[in-house]
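Numbering (this note's numbering), first residue to last: 3 to 83. Note that beta-carbon positions come from the ideal geometry of N, C-alpha and C, so glycine has one too.
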Ligand SMILES: [Zn+2]
């Protein structure tokens with residue numbers, strides 16, 4: 003019997019902020035919070051997620067900044083980072 007397994011990556015947008023100044027391009031734009039999930043696949047079907055990362059990205063220049071789980075929770079509550 004052959005067992006096919008591997009890894010996959012999925013990214014999804016989970017929130018948007020109000021306008022903030024981007025430290026990379028200098029524009030005041032909405033930032034987008036992305037969740038990146040690394041998954042273990044069995045027979046090409048995602049079985050479980052073994053890692054999650056959060057990135058805050060500028061909607062103009064796409065510069066990204068990694069957030070910790072605590073920073074992500076603050077962002078979701080609308081608190082200033
Ligand atoms: Zn930017």
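The alpha carbon of residue 18 has as its nearest neighbour, out of 54, 36, 41 and 67, the alpha carbon of 36.
Within 10 angstroms of the beta-carbon of residue 69 lie 16 or more other beta-carbons, which makes it buried. Following the DSSP letters along the chain, one finds residue 42 in no alpha helix (DSSP H) but inside the beta strand (DSSP E) bounded by residues 30-44.
DSSP, read as helix, strand or coil, puts residue 72 in helix. Counted as a single uninterrupted DSSP element, the stretch harbouring residue 6 is not any beta strand (DSSP E), since DSSP gives it neither H nor E.
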